[in-house]
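J.: Residue 13 in UniProt numbering is what sits at position 13 of the sequence shown, and the numbering runs on without skipping anything.
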Amino acid sequence: MSEIIKFVYAMFIFIFMFTVATETDALCDSNRDCRGYHCNWPKFPICVRMICECI
């Protein structure tokens, strides 16, 4: 029973860290800097006011 609780706790921490890491803004100078910024289809990343945004 304690192993299941430890597993759930570890998964919760991992998912929380992943969510925090993906919610950051990417700084850019041009659209080329946004290549690593992932957007849901059909949107694509564009540099707007020095921040990558999905448009």
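The beta-carbon is built from N, C-alpha and C at its ideal position, and this holds for glycine as well.
Near residue 59, what residues of its chain come up, given a Cβ to Cβ distance below 7 Å and the 5 sequence neighbours on each side ignored?
T.: Lying outside 1 to 55, the shown extent of the chain, residue 59 is not represented and no answer is given.
J.: State the DSSP-derived secondary structure class of C47, mapped to helix, strand or coil.
T.: Numbered from 1 along the sequence shown, position 47 holds the residue referred to as residue 47. The answer is strand: DSSP assigns C47 an E or B state.
J.: Helix, strand or coil: how does DSSP classify C52 here?
T.: Working through the sequence shown from its first residue, we reach residue 52 at position 52. C52: strand per DSSP, three-state reduction.
J.: Which value, in whole angstroms, describes the spacing of the CA atoms of I5 and C52?
T.: Residue 5 sits at position 5 when you count from the first residue of the sequence shown. Residue 52 sits at position 52 when you count from the first residue of the sequence shown. Taking the straight line joining both Cα atoms gives about 39 Å.
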